[in-house]
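So the structure is just underneath, and the comments pick up after that.
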Amino acid sequence: MKNILKRIEKLREYLKLTNCGAFVVMNDEDSNWESLYYLSGFRGTCGALVVYPEDEELILDGRYFEQGSAQSPLKTVQMNGGVAQDVRESLKKHGAKSILCEADNTSYSLWKAAMPENTVWTAADDFIMSLRRTKDEKEIRCIKKAAEIGAKAFLNTLDNVRDGMKEKEFEALLNYNINLLGGENGFDMIVASGVRGSMPHGRATDKEMKRGETVTVDYGARFNGYFCDITRNFVIGNADGRAKELHDALYQVHNRCAEVLMAGVSGSGVHELAEKMLGIYGLDKYFTHGLGHGFGLSIHEYGLLSKRQKFMLQAGDTLTVEPGVYIEGWGGLRLEDDYLVTENGAERLTTGIEQKLFEA
-17 MKNILKRIEK
-7 LREYLKLTNC
3 GAFVVMNDED
13 SNWESLYYLS
23 GFRGTCGALV
33 VYPEDEELIL
43 DGRYFEQGSA
53 QSPLKTVQMN
63 GGVAQDVRES
73 LKKHGAKSIL
83 CEADNTSYSL
93 WKAAMPENTV
103 WTAADDFIMS
113 LRRTKDEKEI
123 RCIKKAAEIG
133 AKAFLNTLDN
143 VRDGMKEKEF
153 EALLNYNINL
163 LGGENGFDMI
173 VASGVRGSMP
183 HGRATDKEMK
193 RGETVTVDYG
203 ARFNGYFCDI
213 TRNFVIGNAD
223 GRAKELHDAL
233 YQVHNRCAEV
243 LMAGVSGSGV
253 HELAEKMLGI
263 YGLDKYFTHG
273 LGHGFGLSIH
283 EYGLLSKRQK
293 FMLQAGDTLT
303 VEPGVYIEGW
313 GGLRLEDDYL
323 VTENGAERLT
333 TGIEQKLFEA
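Here it is as structure tokens:
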């Protein structure tokens, strides 16, 4: 509750700075629940938050009014018409003419329906992104809990792997174990076995996982809405020499790059370090994506360890580190963990699972 009130206060400071009369976030059947949840504490599929310099309204329909009133410290009002209609009436009532919004996360048709006449709407996506970028202590606890659940669920699932098990069966069992441990399923996980491992985003299929094949599993678990993002690899039976060598190379690259994470470091510089190290092993041409990304309530948030974005790390960033190699005709491997950037280094958040090539 205190963290939410602090976020609202920062938002009011930004309203004054920009000389705007209101900030609006709308969630119409799950279109932008993350920002509404972040700013209000309410988590549901429909609602709106309108923040004024001296007031606010969390607008919820009958399905969520009792829930939202319990979850949020903000003033909650009953929805009368619909999301856009009620936002429109609220803005009229308060006489707000200059409005801040998250333009990228809500459809144009919804914004148009919510606009009173003679109002000016200005995108505030960058400001909300900057708020969500720096994680507070509660957010870090949620990510650590998600990571703890994710690690236990993977190990429990690995205990039940068998020769001939389908990739989709593994996916279903891992999701079941995540839920059994009190988490929520994350994104559509990657389960790529054998030659399919050369596809960095190879979704689970009906392919059977065979003895001796490497299997790459990139999955997430959520706790209180917050993600962890983990990738591990396993072999049914004994891993061959090539798989062990490639995994050892990724282990060395991963941990060296994690060592240099700290506030003030360039994200592109960390990515280039990974490329340089993989080049020493003759593997740089098989590394086809960025080294990592920001995450939190969304699996991809601001911040890339990549040459594609000018990004300087700062304390409070949560980032993945995930070097990988993808060799067409053979397969692939990736090793991914999550980190909290600090002033003097980085803390690994996904500590409950070894960084090894597992043998099931």
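This note's numbering applies: residue -17 is where the sequence shown begins, and numbers increase by one.
In this text, a Cβ means the ideal position worked out from N, Cα and C, and glycines have one as well.
Ordered along the chain, which non-local residues of its own chain (more than five positions away) have a Cβ less than 6 Å from that of residue i?
i: tyrosine 268; result: Val307, Tyr308 and Ile309
i: glutamine 53; result: Gly23 and Phe24
i: glutamate 329; result: Leu322
i: asparagine 159; result: Ala135, Asn138 and Thr139
i: aspartate 266; result: Glu257 and Leu260
i: valine 173; result: Glu149, Phe152, Glu153, Ala186 and Val199
i: histidine 229; result: Leu315 and Leu339
i: glycine 327; result: Met244
i: alanine 66; result: Leu92, Ala95 and Ala96
i: methionine -17; result: Pro55
i: aspartate 86; result: Asp107
i: glycine 345; result: This structure does not reach residue 345, given that the chain is present from -17 up to 342, and the question cannot be answered.
i: glycine 132; result: Ala203, Cys210 and Ile212
With respect to the alpha helix (DSSP H) encompassing residue i, which residues constitute its N-terminal and C-terminal limits?
i: glutamate -5; result: -16 to 0
i: tyrosine 19; result: 15 to 22
Using DSSP with H/G/I as helix, E/B as strand and the rest coil, what is residue i?
i: histidine 275; result: strand
i: phenylalanine 269; result: coil
i: valine 143; result: coil
i: aspartate 10; result: strand
i: leucine 162; result: helix
i: phenylalanine 5; result: strand
i: arginine 316; result: strand
i: alanine 297; result: coil
i: leucine 287; result: strand
i: leucine 331; result: coil
i: lysine 120; result: helix
i: asparagine 157; result: helix
i: asparagine 326; result: coil
i: lysine 126; result: helix
i: lysine 292; result: coil
Leaving out five residues on either side along the sequence, give the residues of the same chain with a beta carbon under 7 Å from the beta carbon of residue i.
i: lysine -2; result: Pro35
i: threonine 88; result: Met8, Ser13 and Asn14
i: aspartate 170; result: Arg185
i: asparagine 237; result: none
i: tyrosine 263; result: Ala231
i: glutamate 16; result: Leu279 and Ser280
i: aspartate 10; result: Cys28, Val65 and Leu92
i: histidine 253; result: Gly272, Leu273, Leu287, Ser288 and Lys289
i: tyrosine -4; result: Phe109
Please return the same chain residues whose Cβ sits closer than 8 Å to the Cβ of residue i, not counting the five positions on each side in sequence.
i: threonine 104; result: Thr0, Cys2, Ser80, Ile81, Leu82 and Cys83
i: leucine 232; result: Pro305, Gly306, Val307, Leu315, Arg316 and Leu317
i: lysine 224; result: What sits at residue 224 in the sequence shown is arginine, not lysine. These residues qualify, in order along the chain: Trp312.
i: isoleucine -10; result: Leu21, Val33, Glu38 and Leu56
i: valine 69; result: Val6, Met8, Ala30, Val32, Ile41 and Ala96
i: tyrosine 19; result: Arg25, Gly207 and Leu279
i: asparagine 161; result: Asn167
i: methionine 191; result: Val143, Asp145, Gly146, Met147, Lys148, Glu149, Phe152, Ser175, Gly176, Val197 and Ile218
i: arginine 45; result: Gly26 and Cys28
i: aspartate 188; result: Lys148, Glu149 and Lys150
i: asparagine 157; result: Asn167 and Met171
For residue i, report the span of its beta strand (DSSP E) as first-last.
i: alanine 203; result: 196 to 205
i: aspartate 108; result: Segment 107 to 115 is the alpha helix (DSSP H) holding aspartate 108; no beta strand (DSSP E) there.
i: phenylalanine 340; result: 339 to 341
i: tyrosine 308; result: 306 to 309
i: glutamate 336; result: No beta strand (DSSP E) holds glutamate 336; DSSP gives it neither H nor E.
i: lysine 58; result: The question names lysine, but residue 58 in the sequence shown is threonine. Taken as a continuous stretch (DSSP letters only), the beta strand (DSSP E) holding threonine 58 covers 58 to 60.
Quiz item: Which runs of the alpha helix (DSSP H) spanning at least 4 residues fall entirely within the region 68 to 104, listed in chain order?
Solution: DSSP runs (the alpha helix (DSSP H)) wholly in the region 68 to 104: 90 to 96.
Quiz item: For the region 26 to 54, which segments carrying the alpha helix (DSSP H) assignment without a break, of at least 4 residues, lie completely within its bounds, in sequence order?
Solution: Those alpha helix (DSSP H) runs which fall completely within the region 26 to 54 and span 4+ residues are 47 to 53.
Quiz prompt | Three-pair Cβ contact test at 8 Å for the region 129 to 145 versus the region 97 to 115 | solution = no
Quiz item: Looking at C-beta atoms only, is the number of pairs between the region 157 to 166 and the region 278 to 297 that lie closer than 8 Å three or more?
Solution: no
Quiz item: Can you find at least 3 beta carbon pairs, one from the region 177 to 197 and one from the region 94 to 108, that sit closer than 8 Å?
Solution: no
Quiz item: What runs of the beta strand (DSSP E), each 3 residues or longer, lie entirely inside the region 171 to 254?
Solution: 172 to 175, 196 to 205 and 208 to 217
Practice problem: Could you say if the region 197 to 212 and the region 239 to 256 meet the contact criterion of at least three C-beta pairs nearer than 8 Å? | Solution: Between the region 197 to 212 and the region 239 to 256 there are fewer than three inter-stretch CB-CB distances shorter than 8 Å, so the stretches are not counted as touching.
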